[in-house]
Every structure is written in structure tokens, then in C-alpha cells.
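A quick write-up on the structure given underneath.
Numbering (mature numbering (1 follows the signal peptide of the UniProt record, and there is no 0)), first residue to last: -19 to -1, 1 to 308.
Laid out in C-alpha cells, this is it:
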């Protein structure tokens, strides 16, 4: 009896905390259905975007894909049709061009689930990187997302009123949008900015039953990444190389599961889940259980982060000391 009473006493604090978090968690969790709804995915002609479009089509969504290259869009359309038996809409536009994006969204029609999956990545130390390249990344990764959301929102709001179903705006960030890494200065800046966009946007659209999701994939095996990775500085490879990559299909599955659950933060692997806890901050959280893990794990994850930073700075110091000797 005494042990049972002790166990009950030990259980009260976490149960009480969970109860409080169930009351506090916002926005309320919603299931966002895909079947029969219009899902528009940018960067949909290859990689993660193509994998997401294929998976959404398999679930019965009406899929549209947007990218710059018409020929690659048609190839992607054929691949999705062959894999799912479903046709998809294709729309060619450069996300840097607000007018072109607006025209493509008008052509596609009202969207229920907008997936801003476009992005470019060129790793290099800022001192060596041309400002034109920095601006190119910011214009595509950040401004392109603004253009898409701005163009899609009016019709999305009307659509949720008509259907009574929740809608979603999903933004593809990166684990480099959660932690800065040597050689990723410009890229991380463009991806960190998406978090601020997403957090503020969720406040603005929740009254319209629109849920924002930020997806944080790690290095992913895509054609674009294979090319861009050739330029990674040696130190970047040493620091970031220890983090395992994922296949595009696996990232697509994790991303769609997170979107359908209405999650704000969508990690894609175990490291991503740990990063999500470590960087939770003031982000929205609809799951009381995840909120509980964030609250109790915050201190421990900060200690783990300090260990990682110690290792990274030691690696940088040793690398420069070694290369200075051979200079």
C-alpha cells in the first residue's frame, strides 16, 4: 500500500502538468484531410516535391505542381500518372516573380493545402560567397514563399468558409533553419526567416481555420542536393557530415503526416525531433504530449546543445590550426 501511495504521489505532478498543457496547447489540433481536396506543391517536378505530389495523389487529392521548367513539369506529370493513375495540374512560374506566381495560382484555382517546397542551397563561407548568390537564395527561399502565401490566401480563406474544413499552409524549411552550421550562413539565414514568417502567419490565419506547418528535413537525397553538395567546404562536411541523410520519399511521408495532423513543427527524423524540443521557444504547439516533452526536456536539450557546440568549435579550431601549419 505504501509503495502504491508513493507511486501515486510521484504521478501527480506530471499528470497535473499534462492537464495544464492540454488546456494551454494552441492552436487546437485538427485533422486536415487530403482526399478530394486541392493540394498545390511548389518544387513539384523533382525531389521531395515530386515525392509529396505522388503520395498526395495516391491519397485521392487533386494535385497541382509548380516549378520553373515546363519540360521537367511534364516529365513529373507523366511519372505521377504512371505511379498513381491520377492526372495532375502543372504550372510554370519562377517563385521570385510575384506576378507570375499570382497568375499561376489564379490558373490553378483555390487551394486547400499549399506546400511551399521550393528552395535552393549553395554552401560556402560568407566571405567567399558572392552577394548575388546570397540574394538569389533569399529571393527564392524566403521571398518566393511570401509571394506564394500572399497569392493563395484570399481564395484559401473563401474556400474554408465554403467547405467548413481546415486548410493548411506548409513551409519547407531545413534543419539548417533550426541551427546554424559552418558554411551555411546565407542558406541558414533564408531558412531561419521562414520560422518567423510561419509563427506570425499562424496568428493571422488561425481565425480562418488555416493551419501552418513548418517542415524541417535533414540533408535529403535529391538531384539538386547532389550537385550543390559538391561545393560544401571541407569543414562543413566534417561538421554536418555526421548527420544522416534521408530519402525524398521518407521526407515526403513525414511531411504529409505532419500536415494532415495540423502540426506546426514537423521534424523528419530522431535528430530533428531533438532539435524541435531544443528550439521550441515560443512556437505554437497543439499536442499536449509534445508540449510536455518540450517542458521537461528543455534543460537537458540545452546541455546537449552545449556539448554539440563544444565539439563543433573544437573541430573548427583544430582544422584552422592544422591548415595554418601547412599554409
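Ideal placement from N, C-alpha and C gives every residue a C-beta, glycine not left out.
A quick note: this is a predicted structure, and the numbers were derived from the prediction, not measured.
Query raised in the report: In whole angstroms, what separates the C-alpha of residue 76 from that of residue 129?
Result: 7 Å
Query raised in the report: Is the Cβ-Cβ distance between residue 69 and residue 240 less than 9 Å?
Result: no
**Report entry** Which residues DSSP lists as bridging residue 151, in chain order
**Finding:** 96 and 194
**Report entry** Buried or exposed (CB count within 10 angstroms, at least 16 for buried), residue 262
**Finding:** exposed
Report task. Would you give the residue range spanned by the beta strand (DSSP E) that residue 169 belongs to? Result -> Here residue 169 belongs to no beta strand (DSSP E); instead the alpha helix (DSSP H) covers 166 to 186.
Query raised in the report: What are the start and end residues of each continuous alpha helix (DSSP H) run of 4 or more residues lying completely inside the stretch 6 to 80, in chain order?
Result: 28 to 39 and 51 to 65
Query raised in the report: In chain order, what residues of the same chain have a beta carbon less than 7 Å from the beta carbon of residue 89, not counting five sequence neighbours either side?
Result: 21, 45, 70 and 72
Query raised in the report: In this structure, what does DSSP give as the bridge partners for residue 248?
Result: 197
Query raised in the report: DSSP beta-bridge partners for residue 227?
Result: 201
Requested in this report: Measure the Cβ-Cβ separation of residue 96 and residue 118 and say whether it is below 9 Å.
Outcome: no
Query raised in the report: With DSSP run on the structure shown, which of helix, strand or coil describes residue 110?
Result: coil
**Report entry** Residues of its chain near residue 296, where Cβ-Cβ distance is below 8 Å and the 5 sequence neighbours each way are ignored
**Finding:** 216, 219 and 220
**Report entry** Neighbour-count burial assignment, residue -19, 16 or more Cβ in a 10 Å radius
**Finding:** Since pLDDT at residue -19 reaches only 49, below the 50 mark, its modelled position is unreliable, and no value is offered.
Query raised in the report: Given a threshold of 16 other Cβ atoms within 10 Å of its Cβ, counted over all protein chains shown, does residue 135 qualify as buried or as exposed?
Result: exposed
**Report entry** Strand pairing of residue 266, partner residues [DSSP]
**Finding:** 7
Report task. Can you give me the Cβ contacts of residue 53 inside the same chain, cut-off strictly under 6 Å, excluding the 5 residues immediately before and after it? Result -> 26
Query raised in the report: Looking at residue 82 and residue 138, is the spacing between their C-beta atoms short of 9 Å?
Result: no
Query - Three CB pairs or more closer than 8 Å across the stretch 270 to 288 and the stretch 180 to 195 - result: no
Requested in this report: Pull up the distance between the alpha-carbon of residue -14 and that of residue 284, whole angstroms please.
Outcome: Any reading at residue -14 must be qualified, since the residue scores a pLDDT of 43, below 50, and its modelled position is unreliable; the value itself is stated next. Each residue's alpha carbon lies about 30 Å from the other.
Query - residue 130: first and last residue of the uninterrupted alpha helix (DSSP H) it sits in - result: 125 to 144
Report task. Count the CB pairs spanning the stretch 7 to 15 and the stretch 196 to 210 that are closer than 8 Å, and state whether there are at least three. Result -> no
Query raised in the report: So is residue 193 buried or exposed if we call it buried at 16+ other beta carbons inside 10 Å?
Result: buried
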